[in-house]
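Okay, so here's the structure we're looking at.
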Amino acid sequence: MGYSTRMNIIEAAEKLFAQKGYSATSVRDIAHAAEISPAMIHYYFHTKEQLLDAISSGLRDSFDEITTIMNGFTGTAFGKMECLVKYYVRKIFESGPVVYILLNEQQVCSTEFSRKLLQYLANKQWSLFLNIIHEGRQKGEFKYDVDVKMLYASIQGTTRYFLFNDKHMIKYRSFPLKQISFRNMQKQVVSHLLQMIDNMLVIKT
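Just so we're aligned, residue 23 is where the sequence shown starts under our numbering, counting upward by one.
And the structure:
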C-alpha cells in the first residue's frame, strides 16, 4: 500500500509539473490528481522539492551509471562516443516527462534545489563528453580545430528538438510519454548525431 501510494503521488506530480510547471503546481493540485489528501503527500514527501528529487532520481542515477560504463570501456574513442550518444539519447527519450520538467526549470530556476540539480546534471554530461574528446585527441582520432562547445550544443539541441517538437508535445501533454513508442525516432537521432560527430570530429586517414 505504501509503495503504490508513493508511486501514485510521483506519477501525478510528474504529469502536473510537466503540464503546468513546477512552480505553478500546488500540493493540493497533486493531491487532487492522485485522489488522496494533501496530508498524505506530506507524509511521504515533506516538501515539493523532495517530490521533484524523487521524480528526477532515475535520470540522475543514469548519469552515474554511464560514468561507470565509460570508465570500463575499452576500444576507440569514437566507439566510446558512440556508446555515450546511444545511452544519452535512450535515457533522454525514456525520461521524456522528467527532461521536459527540468528544461522548464532551466528557464526559470525557481528554487535553489532545481538550480543545484540542473547544475549537477549539466556538469556530469559535459564532463563525460569532454573526457572522450580529450582521449580521442590524445589517441590521434579526433581533430583539435573543432569548436567542442558548439558540437556539444548541437548534440543536445538536436535531441531536444526531435523529442519536444510540437507534434510530439501534443501527444505528450495528452498521454504519458512512456506509452508512446519512439524507437524509430531514437534510431534516427542516434544515426544523425553519430554522422555529425564523425564528419566534424574524426580525423580521416
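All C-beta atoms in this analysis are idealised placements derived from N, C-alpha and C, irrespective of residue type, glycine included.
Just so we're clear, the structure is a prediction, and the values are computed from it rather than from any experiment.
Per-residue burial, residue i [other beta carbons within 10 Å of its own, 16 or more giving buried]
i	result
Leu152	exposed
Arg161	It should be pointed out that residue 161 corresponds to Lys in this sequence rather than to Arg. Answer is exposed; the Cβ neighbour count stays below 16.
Ile52	buried
Ala56	buried
Ile31	buried
Tyr166	exposed
Ser117	buried
Beta-bridge partners of residue i, as assigned by DSSP
i	result
Val224	Phe164
Residue i, enclosing alpha helix (DSSP H) - first and last residue
i	result
Phe85	Lys70 to Asn93
Glu114	As written in the sequence, residue 114 is Ile, which differs from the Glu given in the question. Residues Ala99 to Glu116.
Ile63	Pro60 to Tyr66
Ala55	Val49 to Ala56
### Message
My parser needs the alpha helix (DSSP H) runs of 4 or more residues fully inside the stretch 122-189; what are they?
### Response
134-160 and 170-186
### Query
Quick one: any contact between the stretch 177-186 and the stretch 208-219, if contact means 3 or more CB pairs under 8 Å?
yes
### Query
Counting Cβ pairs, one atom from each stretch, are 3 or more of them under 8 Å apart for the stretch 213-222 and the stretch 143-152?
The answer is no - the stretch 143-152 does not touch the stretch 213-222, with fewer than three Cβ pairs under 8 Å.
### Task
Please determine if the stretch 101-113 and the stretch 28-45 are in contact, where contact requires at least 3 C-beta pairs separated by less than 8 Å.
Flag = no, the stretch 101-113 and the stretch 28-45 do not touch.
### Message
Does the stretch 73-84 come into contact with the stretch 32-47, if we say contact requires no fewer than three beta-carbon pairs (one atom in each stretch) closer than 8 Å?
### Response
yes
### Message
For the stretch 88-102 against the stretch 57-66, do three or more pairs of beta-carbon atoms, one drawn from each stretch, fall closer than 8 Å, so that the two count as touching?
### Response
no
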